[in-house]
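> My questions will all concern the structure given below.
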Amino acid sequence: MLISLLEILCLLAVGLVCLRTAVGHLTAWPAVRSARRRPDPPDGWPAVSIVKPIRGLDEEAEANLASFLALDYPGEWEVLFCVEDEGDPAVPVIRRLVAAHPRARARLLVRRRGDPRVLGKVHNMIVGVEASRSSVLVFSDADVRAGGGYLQDLVRPLADARVGLAFGAPIVAGARTPGAAFLALAVNDALLLIAPAVALQRVEGACEASMAIRRETLEAVGGLAPLAGLIADDAALGEAIRHAGLEVALTPQPIRIIQRRLRLAGWWSLMHRWFVTVRRLFPTLYACYPLAEFGFLWALLYAALRAAQGAGAGVWLLPVGMLALAAVSMAATCLRFARTPEALRWLWLLPALDLLRAAVWVAAYLSSEVAWRGRRLRVLPGGLAVPVEP
Numbered sequence: 002m003l004i005s006l007l008e009i010l011c012l013l014a015v016g017l018v019c020l021r022t023a024v025g026h027l028t029a030w031p032a033v034r035s036a037r038r039r040p041d042p043p044d045g046w047p048a049v050s051i052v053k054p055i056r057g058l059d060e061e062a063e064a065n066l067a068s069f070l071a072l073d074y075p076g077e078w079e080v081l082f083c084v085e086d087e088g089d090p091a092v093p094v095i096r097r098l099v100a101a102h103p104r105a106r107a108r109l110l111v112r113r114r115g116d117p118r119v120l121g122k123v124h125n126m127i128v129g130v131e132a133s134r135s136s137v138l139v140f141s142d143a144d145v146r147a148g149g150g151y152l153q154d155l156v157r158p159l160a161d162a163r164v165g166l167a168f169g170a171p172i173v174a175g176a177r178t179p180g181a182a183f184l185a186l187a188v189n190d191a192l193l194l195i196a197p198a199v200a201l202q203r204v205e206g207a208c209e210a211s212m213a214i215r216r217e218t219l220e221a222v223g224g225l226a227p228l229a230g231l232i233a234d235d236a237a238l239g240e241a242i243r244h245a246g247l248e249v250a251l252t253p254q255p256i257r258i259i260q261r262r263l264r265l266a267g268w269w270s271l272m273h274r275w276f277v278t279v280r281r282l283f284p285t286l287y288a289c290y291p292l293a294e295f296g297f298l299w300a301l302l303y304a305a306l307r308a309a310q311g312a313g314a315g316v317w318l319l320p321v322g323m324l325a326l327a328a329v330s331m332a333a334t335c336l337r338f339a340r341t342p343e344a345l346r347w348l349w350l351l352p353a354l355d356l357l358r359a360a361v362w363v364a365a366y367l368s369s370e371v372a373w374r375g376r377r378l379r380v381l382p383g384g385l386a387v388p389v390e391p
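All you need for the numbering used here is the position in the sequence shown, starting with 1, plus 1.
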């Protein structure tokens with residue numbers, strides 16, 4: 002009886018994974034096409050302030066930061082590099098880049114945090130907003146690499162008064178190590194989860210790699226101060242936007258993050274932080290997460306149970322089929338949306354990715370302490386993050 006129930010659970014999970022994949026593709030590509038058809042703002046391109054909270058140096062940091070000093074945006078724009086500490090290794094790099102691009106409107110802002118309960122990233126964002134001069138604000142993570150049309154894609158949706166916030170689905174490019182490849186494979190099909198949520202306007206937040214908001218909208222929802230201690234400030238801001246009766250819009254192009262040489266330990270730390278954050282924000286959704294993921298593992302377990310009962314070799318076609326489905330789905334998103342063909346050479350890691358993510362899922366229940374930019378934080382229910390005493 003127990004085995005029969007477990008077999009039913011396995012088949013249910015396999016079916017849910019297939020359904021999620023199908024719905025993802027059926028909604029993602031029309032959503033991307035629709036986003037690409039958005040017209041330019043009828044009243045001209047608004048002035049934009051790009052706020053970049055920075056702590057330390059990411060991989061290829063100089064190239065990432067430099068990409069924001071050579072944008073092709075037709076309107077006025079400025080870049081505000083926001084750092085907590087004058088001794089941060091990013092400071093001399095930023096100063097050198099600003100000096101090398103005298104025609105770009107760029108400033109380095111250094112201000113220490115007065116309250117340790119305020120997370121460094123949110124502190125830097127607040128500093129940037131206070132110093133900004135534009136009607137549209139773009140919050141962009143330090144590891145983002147801007148390309149052609151970056152700002153235009155983020156700003157176009159805001160011409161619609163019904164839209165309160167626009168964001169892009171993140172993708173990871175340039176993987177050369179297994180750790181970086183695992184990150185790319187874990188992130189690059191996020192569009193398949195994001196697009197259905199956007200279509201239903203059930204987006205639980207936004208992806209803060211890059212997001213745009215009108216200044217008046219940010220002020221109307223209370224600004225950034227209420228988010229000061231939250232590890233998922235983007236989720237809280239997206240929720241505030243929805244509660245204000247406004248929509249969240251997806252951009253047609255991905256937000257590109259360069260990650261070439263990530264170690265496995267770094268991948269684990271990053272995924273653990275993400276998983277803990279989701280568990281603390283959406284505990285029921287998190288508990289059900291394995292049922293809509295890990296299709297290969299569920300199929301493998303089902304095949305093993307059936308084989309133990311004397312089933313023929315044909316039962317192993319199910320895990321093979323689920324692995325093929327995952328590979329084809331990933332290849333489609335990498336080629337059509339992420340434009341990361343280099344990720345295809347790592348598709349053989351997909352079975353291991355399922356195993357590792359399952360392990361991280363369990364680990365997030367065992368510990369709510371996460372590492373973030375050299376700091377240890379304990380994530381409490383609701384997403385409040387408190388420093389862990391050394």
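Just so it is clear, CB atoms sit at the ideal spot from N, CA and C, and this is done for glycine as well.
Tell me the DSSP secondary structure of Arg104 in three-state form.
Position 103 of the sequence shown, counting from 1, holds the residue named residue 104. Correct three-state label for Arg104: coil.
> In the DSSP assignment, the alpha helix (DSSP H) including Ile195 goes from what residue to what residue?
Numbered from 1 along the sequence shown, position 194 holds the residue referred to as residue 195. Here the alpha helix (DSSP H) through Ile195 covers 192–200.
> What is the DSSP secondary structure of Gly165, reduced to helix, strand or coil?
By one-based count along the sequence shown, residue 165 stands at place 164. Gly165: strand per DSSP, three-state reduction.
> Alpha carbon to alpha carbon, how far is Leu345 from Leu184?
By 1-based counting over the sequence shown, the position of residue 345 is 344. By 1-based counting over the sequence shown, the position of residue 184 is 183. About 13 Å.
> From this set, Arg340, Glu294, Gly322, which residue's C-alpha is nearest Val18's C-alpha?
One-based indexing of the sequence shown puts residue 18 at position 17. Of the candidates Arg340, Glu294, Gly322, the one whose C-alpha sits nearest the C-alpha of Val18 is Glu294.
> How big is the Cα-Cα spacing for Leu392 and Gly115?
Absent from the structure is residue 392, since the part of the chain shown begins at 2 and ends at 391.
> Is the separation between the beta-carbon of Ile127 and that of Leu225 shorter than 8 Å?
Here residue 127 refers to the residue found at position 126 when the sequence shown is read from its first residue. Here residue 225 refers to the residue found at position 224 when the sequence shown is read from its first residue. Result yes, Cβ atoms of Ile127 and Leu225 sit closer than 8 Å.
> Mapping DSSP to helix, strand and coil, what is Phe283?
Indexing the sequence shown from 1 puts residue 283 at position 282. Three-state result, Phe283: coil.
> What does DSSP give as the partner residues of Arg113 in its beta bridges?
Locating residue 113 in the sequence shown gives position 112, where the first residue counts as 1. DSSP lists no partner for Arg113.
> Mapping DSSP to helix, strand and coil, what is Arg376?
Counting from 1 along the sequence shown, the entry for residue 376 is found at position 375. Reduced to three states, the DSSP call for Arg376 is strand.
> Pick from Ile256, Arg274, Ala237: whose alpha carbon is nearest that of Gln153?
Indexing the sequence shown from 1 puts residue 153 at position 152. Among Ile256, Arg274, Ala237, the Cα nearest to that of Gln153 is on Ile256.
> Using a Cβ-Cβ cutoff of less than 7 Å, which residues in the same chain neighbour Ala67 once the five nearest sequence positions on both sides are dropped?
Mapped onto the sequence shown, residue 67 falls at position 66. Leu98.
> Considering just the uninterrupted stretch of the beta strand (DSSP E) at Arg257, what are its terminal residues?
For the purposes of this step, residue 257 is identified with residue 256 of the sequence shown, where counting begins at 1. Per DSSP, Arg257 belongs to the beta strand (DSSP E) from 256–259.
> Considering just the uninterrupted stretch of the alpha helix (DSSP H) at Pro388, what are its terminal residues?
Numbered from 1 along the sequence shown, position 387 holds the residue referred to as residue 388. Premise fails: Pro388 lies in the beta strand (DSSP E), 386–388, not in any alpha helix (DSSP H).
> Using only the alpha-carbon positions, how far apart do Ala191 and Thr22 sit?
To locate residue 191, count along the sequence shown from 1; it is residue 190. To locate residue 22, count along the sequence shown from 1; it is residue 21. Using only the alpha carbons, I get a separation of about 11 Å.
> Identify the continuous alpha helix (DSSP H) that holds Val123 and give its terminal residues.
The count along the sequence shown starts at 1 and reaches residue 123 at position 122. Unbroken alpha helix (DSSP H) run through Val123: 121–132.
> Does at least one heavy atom of the ligand PLP sit under 7 Å from the Cβ of Val363?
Inclusion of the ligand PLP in the displayed structure is not the case, the ligand content being empty and no account of it being possible.
> Which partner residues does Val371 have in the DSSP bridge list?
On the sequence shown, position 370 is the one that residue 371 refers to. Paired residues: Leu378.
> For my contact list, Ile195 and Leu251 are in at a C-beta cut-off of 8 Å; report their separation, rounded to the angstrom.
Reading the sequence shown from its first residue, position 194 is the one you call residue 195. Reading the sequence shown from its first residue, position 250 is the one you call residue 251. Indeed, because the Cβ distance is near 6 Å, the residues count as touching under 8 Å.
> Mind checking Gln202: buried by the 16 CB within 10 Å criterion, or exposed?
Here the question's residue 202 lines up with position 201 in the sequence shown. Flag for Gln202 reads exposed.
> Do you know offhand how far Leu348's Cα is from Ala328's?
For the purposes of this step, residue 348 is identified with residue 347 of the sequence shown, where counting begins at 1. For the purposes of this step, residue 328 is identified with residue 327 of the sequence shown, where counting begins at 1. Computed Cα separation, rounded: 6 Å.
> Do the region 264–273 and the region 354–374 touch if we need at least three Cβ pairs shorter than 8 Å?
Taking 8 Å as the limit for Cβ pairs, the verdict is that the region 354–374 does touch the region 264–273.
> Within 10 Å of its beta-carbon, does Gly25 have 16 or more other beta-carbons around it, so buried, or fewer, so exposed?
As a position in the sequence shown, residue 25 is number 24, starting the count at 1. Gly25 comes out buried.
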